[in-house]
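Colleague: This is the structure I have questions about; it appears just below.
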Amino acid sequence: MSMKKVDSTGLRNWVQFLIENHKVYGVQAKEDRFAFDPLEKASDLRLDYDVTILPPKKYLQPQREVLFKFDRQGRFESVMNDESFLILGVHPYDMVAITQMDEVFTRDNRDEHYLAYRDRATIIASDVQWPSKNVFAGCMGTATGEECTGHDILLTQLRDGSTLVEARTGKGEALLAGLKGAPAPDHLDLEARRDVWERNREGLRKHQLHMKPEDLPELLDRSYDHPVWEEKAQLCYSCGSCNVVCPTCYCFNVQDDFDWNMETGVRTRCWDGCMLSGFAKVAGNHDFRPVPASRYRHRYYRKGKYLHDMMGVIACVGCGRCITACTANIANPVEVYNRLLEEVS
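Take the position in the sequence shown, starting the count at 1, then add 1389; the result is the number in our numbering.
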C-alpha cells in the first residue's frame, strides 16, 4: 500500500475533498471537550484532540437502533444500514477496541446489523498528538498506529508539522486518489514517525500499570474475594457512566414498541451496562448481581479475564474515559489492578 506526505494545507484540502465526496464523521471541539460528529468543513476537524467523550463505536453500534419492523399479522422486515461513511481521526486505542468488537460480533451468531455498519465504514485512524489526563494506553500496548489494525488509513503528524498518510487497505488506497501530486515520504520521515510512536508508548502512561496486561487473568483468578470490590462499591451510584463511555462495552437491551394504532411496531436495541441496577435480573425476579459490589467486580473481571478466556484479549484499551466519567472516583482500572498485585499472594 502507498504512503504520502502532506503539509497542513494539503491535509486540509484533502479532508475537504473527502467531505465533498463522502459522509464523514470527524472529531470536533465541544467547548472544552471533543466529540465525533458529522463533519461539514475541514477547518472544524481537530486531530490534536486528547480523547473524545464517547468512542467512535457509536457509529458501528448506535446508541439506539431499530432492528426490524413488524405488524400484528406476523410480518416483519429487517432494517439494515445501507449508507457508506467515513470515521476520521480514530485514535489507536479506539481502533484496537473496534477490532475486538469485530471479533465479538462475528463469533457464534453473527450480528448482521453491526456488520452492516462495519462493512460500509471506512476508518481513518490518527496517532495521538496530545495525551489526555487519564490515558494509560502505553501500558496496554494500544498507544500507536503500529500496534493496531482494522483501519483503512493511518495519519501521523511529524514534529515538523507535516503528516504521513498511509493507506493500509484497498479502501484507503482509493481515498489517496485525492492526494495526487503529494510526495512519498523518505527514510527520514519514516524514522520521524517511529519517533512519534516511541514517544507515545512512553507518554500515554498517565497512570502506570505495574504488570503486563497478559498477567491480569491469573491475578483476577486469585482475587475474587478481595475486599477492594466492597470498599469501592460503597461509593458507587450504579449510574453506568463507565459502561457508556467504554469503547469495549457492547451489551444492549432489546424492546418491542407498538405504534399508536396497535397494528405495527418496531424492535429496537439500545446500549445497556453491567453496572446498572437490574442488568442481571431475569424471569421470576431473580437477580444474579443484586448489589453494587457484585456488579463492580464483574466489570473488572469482564475486562481483565472473561473476554480473555473467550477471545484471548484484554478488553481494556487504556483510553481512560471511565476514570474521567466516574464522579465517585472509583473507576480507575490501574489503581484497582495495582492494589491487587500488591496485596494478593
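In this text, a Cβ means the ideal position worked out from N, Cα and C, and glycines have one as well. Owing to the predicted nature of the structure, the values given are computational and were not obtained by experimental measurement.
#1: In the structure shown, what three-state DSSP assignment does Tyr1506 receive?
#2: Note the first and the last residue of the continuous alpha helix (DSSP H) segment covering Asn1589.
#3: Please name the residue in Cys1640, Leu1729, Arg1464 and Phe1668 whose C-alpha comes closest to that of Pro1679.
#4: Do you know offhand how far Pro1616's Cα is from Ala1704's?
#5: Considering only C-alpha positions, which residue in the set Val1468, Leu1543, Arg1590 and Thr1637 is nearest to Gly1527?
#6: Which class does Ile1442 belong to by DSSP, given the choice of helix, strand or coil?
#7: Would you kindly report the start and end of the unbroken beta strand (DSSP E) that includes Ser1356?
#8: What does the alpha-carbon distance come out to for the pair Lys1601 and Glu1619?
#9: Looking at C-beta atoms only, is the number of pairs between the stretch 1494 to 1514 and the stretch 1535 to 1551 that lie closer than 8 Å three or more?
#10: Less than 8 Å separating the beta-carbons of Lys1419 and Leu1553?
#11: With DSSP collapsed to three states, give me the class of His1599.
#12: Helix, strand or coil for Ser1515, going by three-state DSSP, please let me know.
#13: DSSP three-state call for Glu1607: helix, strand or coil?
#14: Along the chain, where does the alpha helix (DSSP H) that runs through Val1723 open and close?
#15: Thinking C-beta only, is Val1440 closer than 8 Å to Gly1709?
#16: Kindly indicate which three-state DSSP category Asp1645 falls into: helix, strand or coil?
#17: Please report the straight-line C-alpha distance between Asp1426 and Thr1657, rounded to a whole angstrom.
#18: Report the residue from Asp1483, Ala1431 and Ile1442 whose alpha carbon sits nearest the alpha carbon of Pro1636.
#19: Rounded to whole angstroms, what's the CA-CA distance from Arg1728 to Phe1457? Just pull it up for me.
#20: What's the C-alpha gap between Asn1470 and Glu1454?
#21: Roughly how many angstroms separate the alpha carbons of Leu1434 and Ala1505, rounded to a whole number?
#22: Following the continuous beta strand (DSSP E) through Val1655, name the residue where it begins and the one where it ends.
#23: Can you check DSSP and say which residues form a bridge with Tyr1414?
#24: Looking only at C-alpha atoms, which of Leu1696, Asp1500, Asp1676 and Glu1472 sits nearest to Phe1641?
#25: Cα-Cα, which of Tyr1613, His1576 and Trp1649 is closest to Arg1688?
#26: Do Pro1481 and Thr1533 have their C-beta atoms closer together than 8 Å?
#27: Under the three-state reduction of DSSP, which class applies to Thr1398: helix, strand or coil?
#28: What residues match up with Gln1546 in a beta bridge as DSSP calls it?
#29: Taking buried to mean at least 16 other C-beta atoms within 10 Å of its own C-beta, is Arg1686 buried or exposed?
#30: Using three-state DSSP, classify His1540 as helix, strand or coil.
#31: Quick one: using the 10 Å Cβ neighbour count with 16 as the cut-off for buried, is Tyr1448 buried or exposed?
#32: Assuming Leu1436 contacts Ser1515 under a Cβ cut-off of 8 Å, what Cβ separation, rounded to an integer in Å, is found between them?
#33: Going straight from the alpha carbon of Glu1724 to that of Asp1460, what length do you get?
#34: Tyr1695 to Gly1701, Cα distance in whole Å?
Modeller: If we stick to the structure as given:
#1: Position 117 of the sequence shown, counted from the first residue, corresponds to residue 1506. Helix, per DSSP.
#2: Counting from 1 along the sequence shown, the entry for residue 1589 is found at position 200. Per DSSP, Asn1589 belongs to the alpha helix (DSSP H) from His1576 to Gly1592.
#3: In the sequence shown, the residue the question calls residue 1679 occupies position 290. That would be Phe1668, whose Cα lies nearest to the Cα of Pro1679.
#4: For this step, residue 1616 is matched to residue 227 along the sequence shown. For this step, residue 1704 is matched to residue 315 along the sequence shown. Rounded to the nearest angstrom, the two C-alpha atoms are 23 Å apart.
#5: For the purposes of this step, residue 1527 is taken as residue 138 along the sequence shown, with counting starting at 1. Considering only alpha carbons, the answer is Arg1590.
#6: Reading the sequence shown from its first residue, position 53 is the one you call residue 1442. Correct three-state label for Ile1442: coil.
#7: The chain is shown from 1390 up to 1734; residue 1356 falls before or after that span and cannot be answered.
#8: Taking the first residue of the sequence shown as position 1, residue 1601 is located at position 212. Taking the first residue of the sequence shown as position 1, residue 1619 is located at position 230. One C-alpha to the other measures close to 25 Å.
#9: Flag = yes, the stretch 1494 to 1514 and the stretch 1535 to 1551 touch.
#10: For the purposes of this step, residue 1419 is taken as residue 30 along the sequence shown, with counting starting at 1. For the purposes of this step, residue 1553 is taken as residue 164 along the sequence shown, with counting starting at 1. Result no, Cβ atoms of Lys1419 and Leu1553 do not sit closer than 8 Å.
#11: Looking up residue 1599 in the sequence shown gives position 210. Three-state result, His1599: coil.
#12: Stepping through the sequence shown from its first residue, residue 1515 is reached at position 126. Three-state result, Ser1515: strand.
#13: As a first step, residue 1607 is located in the sequence shown; it is residue number 218 there, counting from the start. Glu1607: helix per DSSP, three-state reduction.
#14: The residue given as residue 1723 occupies position 334 in the sequence shown. Residues Pro1722 to Glu1732.
#15: For the purposes of this step, residue 1709 is identified with residue 320 of the sequence shown, where counting begins at 1. For the purposes of this step, residue 1440 is identified with residue 51 of the sequence shown, where counting begins at 1. Yes, the Cβ-Cβ distance between Gly1709 and Val1440 is below 8 Å.
#16: The residue given as residue 1645 occupies position 256 in the sequence shown. Residue state, collapsed to three classes: strand.
#17: In the sequence shown, counting from the first residue as 1, residue 1426 sits at position 37. In the sequence shown, counting from the first residue as 1, residue 1657 sits at position 268. So the alpha carbons of these two residues sit roughly 23 Å apart.
#18: Counting from one through the sequence shown, the residue named residue 1636 turns up at place 247. When each option's Cα is compared against that of Pro1636, the closest is Asp1483.
#19: In the sequence shown, the residue the question calls residue 1728 occupies position 339. In the sequence shown, the residue the question calls residue 1457 occupies position 68. Answer to the nearest angstrom: the Cα atoms are 46 Å apart.
#20: Against the sequence shown, residue 1470 aligns to sequence position 81. Against the sequence shown, residue 1454 aligns to sequence position 65. If you take the alpha carbons of Asn1470 and Glu1454, they lie about 10 Å apart.
#21: Reading the sequence shown from its first residue, position 45 is the one you call residue 1434. Reading the sequence shown from its first residue, position 116 is the one you call residue 1505. Going from the Cα of Leu1434 to the Cα of Ala1505 covers about 26 Å.
#22: What you label residue 1655 is simply residue 266 of the sequence shown in a count that begins at 1. Val1655 -> beta strand (DSSP E) spans Thr1653 to Trp1660.
#23: If you number the sequence shown from 1, residue 1414 lands on position 25. As computed with DSSP, Tyr1414 is found in a beta bridge with Pro1427 and Ile1476.
#24: By one-based count along the sequence shown, residue 1641 stands at place 252. The candidate whose alpha carbon is nearest that of Phe1641 is Asp1500.
#25: Numbered from 1 along the sequence shown, position 299 holds the residue referred to as residue 1688. The shortest C-alpha separation from Arg1688 is found at Tyr1613.
#26: Counting from one through the sequence shown, the residue named residue 1481 turns up at place 92. Counting from one through the sequence shown, the residue named residue 1533 turns up at place 144. Yes; because the gap between Cβ atoms is below 8 Å, this pair is in contact.
#27: The residue labelled residue 1398 in the question sits at position 9 within the sequence shown. In the three-state scheme derived from DSSP, where H, G and I count as helix and E and B as strand, Thr1398 is classed as helix.
#28: Start at 1 with the first residue of the sequence shown, and residue 1546 comes out as number 157. BP columns for Gln1546 point to Thr1552.
#29: What you label residue 1686 is simply residue 297 of the sequence shown in a count that begins at 1. Result: buried.
#30: Your numbering for residue 1540 matches position 151 in the sequence shown. His1540 falls in the coil class under three-state DSSP.
#31: Residue numbering aside, residue 1448 sits at position 59 when the sequence shown is read from its first letter. With 16 or more Cβ atoms within 10 Å of its Cβ, Tyr1448 is classed as buried.
#32: For the purposes of this step, residue 1436 is taken as the residue at position 47 of the sequence shown. For the purposes of this step, residue 1515 is taken as the residue at position 126 of the sequence shown. Right, their Cβ atoms sit about 5 Å apart.
#33: Walking along the sequence shown from the start, residue 1724 turns up at place 335. Walking along the sequence shown from the start, residue 1460 turns up at place 71. Going by the C-alpha atoms only, they are around 51 Å apart.
#34: As a working note, residue 1695 is residue 306 in the sequence shown. As a working note, residue 1701 is residue 312 in the sequence shown. For Tyr1695 and Gly1701, the distance between alpha carbons rounds to 9 Å.
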